[in-house]
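Working notes, structure below.
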Amino acid sequence: MARTALRPGNRSAPRRRPGRPRGETHTEAIRAALLKAARELFAQRDFKAASVREIAAAARVNPAMVHYHFGDKDGLYRAMLQETLGPVLQKVQELTDGGGRESQASIHDALEAVMTMLAREPWVARLIVREVLAEEGPFRELFIREFAAKGGGRVPQLLEREKANGRIRKDLDATLGALSFMSMALFPFIALPVAEKVFGIRMTDAFTRRLVDHSTRMFYEGAGRKPSRNASR
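Below, the structure written as structure tokens:
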């Protein structure tokens, strides 16, 4: 039997592998849509309750896209945190490596990096409360290992440099100082649902800047020179 020649216009296009997106721009758009959908869902419910299928539906893509871009839901969770917290970790690393403008500016810049991110990404504080503080499991360990240890774990180093520069007291316990630093940076956002109702505050950009400046002053006034005994009388 003679074979019918295929005309150029009738030639079938090669099939794509399932789940594989077309084009670099399209690929990046799908990845961004999945990260956005994951942020919104994880802000509303805990990690276990949000399925891959639900995340994909919210992003309006095939569930196979989650596996293509992130491997699995754990990989999506890690990428979501890395995209948001990565710039903050980089800033803190620069400051602890000596990249600050001056000693006091380093503390201010570190507080500003953390608090501005939390103000603009309110889902992070909710996730910390729900997945890290209230739930013991692999995601607490992941958060501690990949983010808390790399960010908050560097604060004692920053405080030791401040001590060497004479900016804060030589006898200040750097670990306790770091704990105070993290309390100032995190607590206003963790407690925001209550603080909004009790104090009537709104976490606007202007309020966040005021809070950063206030926290910087409070930190240095507490960690600075010891007050004389006569001053307290």
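The numbering used here numbers the first residue of the sequence shown as 16 and each following residue consecutively. Beta carbons: idealized from backbone N, C-alpha and C, even for Gly.
| said: Quick test of your reading: GLU146 and ASP89, contact by CB under 8 Å. State the CB separation rounded to the nearest angstrom. | reply: Actually they do not touch by this definition, with Cβ atoms about 12 Å apart.
How should ALA28 be labelled, buried or exposed, when 16 other C-beta atoms within 10 angstroms of its C-beta is the threshold for buried?
Caution is warranted here: a pLDDT of 43 is assigned to ALA28, below 50, making its placement in the model unreliable, and the coordinate value is therefore given only provisionally. Under this definition ALA28 is an exposed residue.
Which class does SER66 belong to by DSSP, given the choice of helix, strand or coil?
-> coil
### Message
Suppose you measure from the CA of GLY192 to the CA of HIS229; what does that come to, to the nearest Å?
### Response
17 Å
Discussion item. Does MET132 come out as helix, strand or coil in the three-state DSSP assignment?
Written reply: helix
DSSP three-state label for ALA238, please. helix
task: Assign ALA53 to one of two classes, buried (16 or more other C-beta atoms within 10 Å of its C-beta) or exposed (fewer than that).
output: buried
Practice problem: Write down the C-beta distance between VAL67 and VAL81 rounded to the nearest angstrom, noting that I regard them as a contact closer than 8 Å. | Solution: 5 Å
### Proximal residues to ALA238 (C-beta, below 7 Å), its chain only, five neighbours per side dropped
ILE183, ARG184, LEU187 and GLY192
Would you call the CB atoms of ILE70 and LEU50 closer than 7 Å? no
Worksheet item: Any idea if SER121 is buried or exposed, counting beta-carbon neighbours within 10 angstroms, 16 or more meaning buried?
Response: buried
What's the gap between the Cα of GLU43 and the Cα of PRO137?
-> 24 Å
I need the DSSP call for THR219, collapsed to helix, strand or coil. coil
*Counting only beta-carbon atoms, is LEU191 nearer than 7 Å to chain D?*
No chain D is present in this structure, which holds just one protein chain.
Can you look up PRO102 in the DSSP assignment and give me helix, strand or coil? helix
- Taking just the CA atoms, how far does ALA128 sit from ASP220? 13 Å
TODO: Helix, strand or coil for PRO78, going by three-state DSSP, please let me know.
DONE: coil
- Query: Would DSSP call GLU109 helix, strand or coil?
  - Reply: helix
### Query
How many Å lie between ILE216 and PHE202 at the Cα?
14 Å
| Boundaries (first-last residue) of the alpha helix (DSSP H) holding PHE158 | 153 to 158
For this session: Can you tell me which of the three DSSP states ARG181 falls into?
Result: It is worth fixing the name first, because residue 181 is Gly in this sequence and not Arg. Note: GLY181 maps to coil in three-state DSSP.
Worksheet entry | DSSP three-state assignment for MET95, whether helix, strand or coil | helix
According to the Cβ coordinates, are ALA79 and ALA48 closer than 7 Å? no
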